[in-house]
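Protein chains: 2
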Amino acid sequence: MLEAAYYAKEMAAFILVGDAEKIRRTAEESQVDISGMEIVNEPDNIKACQAAVSLVATGASEALMKGLVDTSIVMKAVLDKEAGMRTDKILSHLALFAVPTYHKLLFVTDAAINIAPDLAAKKSIIQNAVEAVNNLGISNPKVALLSAKEKADPKMSSSMEAAELTAQHKNGEILGCILDGPLALDNAISKESAKIKGIDSPIAGDADVLVCPNIESGNVLYKSLVFLADAKNGGVVLGAKKPVILTSRADSAESKLISIALGILS
Amino acid sequence: MLEAAYYAKEMAAFILVGDAEKIRRTAEESQVDISGMEIVNEPDNIKACQAAVSLVATGASEALMKGLVDTSIVMKAVLDKEAGMRTDKILSHLALFAVPTYHKLLFVTDAAINIAPDLAAKKSIIQNAVEAVNNLGISNPKVALLSAKEKADPKMSSSMEAAELTAQHKNGEILGCILDGPLALDNAISKESAKIKGIDSPIAGDADVLVCPNIESGNVLYKSLVFLADAKNGGVVLGAKKPVILTSRADSAESKLISIALGILS
Chain A
261 MLEAAYYAKE MAAFILVGDA EKIRRTAEES QVDISGMEIV NEPDNIKACQ
311 AAVSLVATGA SEALMKGLVD TSIVMKAVLD KEAGMRTDKI LSHLALFAVP
361 TYHKLLFVTD AAINIAPDLA AKKSIIQNAV EAVNNLGISN PKVALLSAKE
411 KADPKMSSSM EAAELTAQHK NGEILGCILD GPLALDNAIS KESAKIKGID
461 SPIAGDADVL VCPNIESGNV LYKSLVFLAD AKNGGVVLGA KKPVILTSRA
511 DSAESKLISI ALGILS
Chain B
261 MLEAAYYAKE MAAFILVGDA EKIRRTAEES QVDISGMEIV NEPDNIKACQ
311 AAVSLVATGA SEALMKGLVD TSIVMKAVLD KEAGMRTDKI LSHLALFAVP
361 TYHKLLFVTD AAINIAPDLA AKKSIIQNAV EAVNNLGISN PKVALLSAKE
411 KADPKMSSSM EAAELTAQHK NGEILGCILD GPLALDNAIS KESAKIKGID
461 SPIAGDADVL VCPNIESGNV LYKSLVFLAD AKNGGVVLGA KKPVILTSRA
511 DSAESKLISI ALGILS
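Those protein sequence lines, which keep their order, are chains A and B. The working numbering puts the first residue of the first sequence at 261, with every later residue one more than the last. The working numbering puts the first residue of the second sequence at 261, with every later residue one more than the last.
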């Protein structure tokens, strides 16, 4: 995390919250120059997370980033009603991919937090994503609601929910985007595939945001893009007062940088 | 389909069932040489499907292949209890991918037929796939049961079902394979990813067969491999007396050929 912060120092100023002595020792051992970064000394992990959340809640920081501490401790501090970082929105994950075979950036939600979101939760997940993508400067992103079918089918609840959300969008309930579904992934990202299947959608072959019907499909898409389609990726948790950047040790340095950029800009 | 049959003529002899006059005219217009293929004249679509199923049921043919006729008509003929092609097994789809970024062939099930299979259905889907992959000469395929987590979590039913199926495999109820789950896709196909997450599995990074928890995740994986990871693919329906080859007009000629090969060999 220190290394990622060092490489991202042109993008943002970092405040390191934790055991100051340990932080300095880790930086020295890893040969990372943290001389320009502020350190808030708080040796206890739980209190350190609370202190970091407080910095974000009071407006002193623009985003929260997880270091070498359990995700559950960070998220508990974020979700604490007294801490001031929680909002009435649902928390959801937004991933960003640069896929060599696709002509623009591709956002995917929710591959990490909401397991089997119902209709209302899906609407909130979409709204979180659209707001973040709008903040990134994409003013009217094309949002595809994925299912395994292109037509609403009572046997497949994900297709019915996608159709209902599309109806809500048409009624003006979901703003800031062009939205359509149900769509199969190929219709959303390949004009040719949409044409062969006779699908007339404003999104056909040109989606910015892919909304996955459940966490399994989101997770499989995420992993297939990174591990089989050579995508560069980043991710952020939305829905709190400010974005939460949750990188893991398994992420590449590049992936951590993209996540930081996403957290700052979204 | 005629073109695919022409290119596959070294692999198999084709019997064309349908309106003989139309078949000859189509071949002529498409400049496909069908001179070596037998034609069974049956102008009615439904009867043609029944006649083709009968050829397979009686052992005259090794596989059934769909031409320019609705999938529902073909499947109705296959499922007809009187026609002799149906078995007591569940019908399931098996897809085959050659992904440039993976070190061997990758099979995926079920991306096309079973929407939300329960535990018993999943077991049958696995057994169908293992039998077919065994027939292809892979004697002990590594089967990964995918979920969005690597540990069984009561909040995620797909992870619990994967754990239960793994327990059944250990009890000797699912034979002919090495099986493990729940696994996230990256653990199943990347040794490095499995190592970073501390996952000790005989499958880690070396899966042959990926069993998807629901049709949405299967469909998304299928489409992302073909449209974003440059995979070559084929597919077949298993569980009937002989394989059913269902290619669509959207498939490339190469994909149709792979499906034919899969149908003949599995």
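Don't be surprised by glycine CBs; every beta carbon is placed ideally from N, CA and C.
Considering only C-alpha positions, which residue in the set A:I438, A:E391, A:A355 and A:S384 is nearest to Y482 of chain A? A:A355
From the DSSP output, which residues share a beta bridge with L439 of chain A? A:V403
Exposure of S450 of chain B, with buried meaning 16 or more beta-carbon neighbours within 10 Å: By the 16-neighbour rule on beta-carbons within 10 angstroms, S450 of chain B is buried.
Among the candidates B:I283, B:A491 and B:I375, whose CA atom is the shortest distance from the CA of A358 of chain B? B:A491
Please name the residue in B:I373, B:L328, B:K336 and B:N301 whose C-alpha comes closest to that of V313 of chain B. B:K336
Between the alpha carbons of K486 of chain A and N374 of chain A, how many angstroms are there, rounded? Residue identity differs from the one stated: residue 486 of chain A is Val in this sequence, not Lys. In this model, V486 of chain A and N374 of chain A are separated by some 20 Å (Cα to Cα).
Where T361 of chain A meets chain B, residues with beta-carbon distance less than 9 Å: F487, L488, A489 and D490
Where M335 of chain B meets chain A, residues with beta-carbon distance less than 7 Å: Near M335 of chain B there are no residues of chain A at all, since even the closest Cβ is about 15 Å away, more than 7 Å.
In the DSSP assignment, find the unbroken beta strand (DSSP E) run with K492 of chain B in it and report its ends. K492 to L498
Quick one: what's got a C-beta closer than 7 Å to N305 of chain B's C-beta in the same chain, skipping five residues either side? V329 and I333
If you draw a straight line from the alpha carbon of A265 of chain A to that of L506 of chain A, how long is it in whole angstroms? Per the coordinates, the alpha-carbon of A265 of chain A lies some 13 Å from the alpha-carbon of L506 of chain A.
Taking contact to mean at least 3 C-beta pairs separated by less than 8 Å, is the region 502-518 of chain B in contact with the region 430-439 of chain A? No: fewer than three Cβ pairs fall under 8 Å.
First and last residue of the uninterrupted beta strand (DSSP E) at G278 of chain B: Looking at the DSSP string, the run of the beta strand (DSSP E) that includes G278 of chain B is I275 to G278.
Just the Cα atoms here: how many angstroms apart are V316 of chain B and A521 of chain B? 16 Å
Which residues in the same chain have their Cβ closer than 8 Å to the Cβ of G499 of chain A, if we skip the five residues on either side of it in sequence? Here the set comprises T347, K349, I350, L351, S352, S384 and N388.
Mapping the DSSP letters down to three states, classify A358 of chain B as helix, strand or coil. strand
Starting from T331 of chain B, follow the alpha helix (DSSP H) in both directions and report where the run begins and ends. T331 to L339
Output the distance between the C-alpha atoms of G436 of chain A and A381 of chain A, rounded to the nearest integer angstrom. 18 Å
Just checking, does the region 403-416 of chain A make contact with the region 474-481 of chain B on the three C-beta pairs under 8 Å criterion? yes
Going by the beta-carbon positions, is the gap between A423 of chain A and P401 of chain A smaller than 9 Å? It is not a contact, given that the beta carbons lie outside the stated cut-off.
Interface residues of chain A facing N474 of chain B [CB-CB closer than 9 Å]: Within 9 Å Cβ-Cβ: A408, S418, P473, N474, E476 and S477.
For A454 of chain A and A464 of chain A, the rounded distance between their alpha carbons: 6 Å
Can you give the beta carbon distance from L517 of chain B to A268 of chain B, rounded, assuming they're within the 8 Å contact cut? Confirmed, Cβ separation roughly 6 Å.
When you compare each of A:M297, A:V368 and A:E270 to A280 of chain A by their alpha carbons, which one comes out closest? For A280 of chain A, the nearest C-alpha among the options comes from A:M297.
Span of the alpha helix (DSSP H) around N431 of chain B: It is not in any alpha helix (DSSP H) - N431 of chain B carries neither H nor E in the DSSP assignment.
Identify the contact partners of K326 of chain B in chain A, using a Cβ-Cβ distance below 9 Å as the criterion. Under the 9 Å cutoff, chain A gives no residues; its nearest Cβ is about 16 Å from K326 of chain B.
Beta-carbon separation (whole angstroms), S290 of chain B vs E270 of chain B, contact threshold 8 Å: In fact, because the Cβ distance is near 19 Å, the residues do not count as touching under 8 Å.
Taking G494 of chain B as the reference, give the member of B:E514, B:N394, B:D413 and B:A273 with the closest Cα. B:E514
If you count every other CB in all the chains shown that lies within 10 Å of the CB of E342 of chain B, and 16 or more means buried, which is it? exposed
Would you say A358 of chain B faces chain C, with C-beta separation under 9 Å as the test? Protein chains A and B are contained in the structure displayed, whereas chain C is not.
How would you list, in chain order, the residues of chain B whose beta-carbon sits under 8 Å from the beta-carbon of A444 of chain A? N479 and K483
Quick one: is L379 of chain B buried, meaning 16 or more other Cβ sit within 10 Å of its Cβ, or exposed? That one is exposed.
Roughly how far, in whole angstroms, is the beta-carbon of V403 of chain B from the beta-carbon of V497 of chain B, given that I think they are within contact range, below 8 Å? Not quite, the Cβ-Cβ distance comes to about 19 Å (not below 8 Å), so this is no contact.
Those runs of the beta strand (DSSP E) which lie wholly inside the region 269-327 of chain B and span at least 3 residues: Qualifying beta strand (DSSP E) stretches, in chain order: 275-278 and 298-301.
Within chain B, the residues that K307 of chain A reaches when beta carbons sit closer than 8 Å: Ordered by position in chain B, no residue passes the 8 Å Cβ test against K307 of chain A, which lies about 28 Å from the chain.
Measuring only the C-alpha atoms, how far is H363 of chain A from N394 of chain A? In a straight line, the C-alpha of H363 of chain A is about 19 Å away from that of N394 of chain A.
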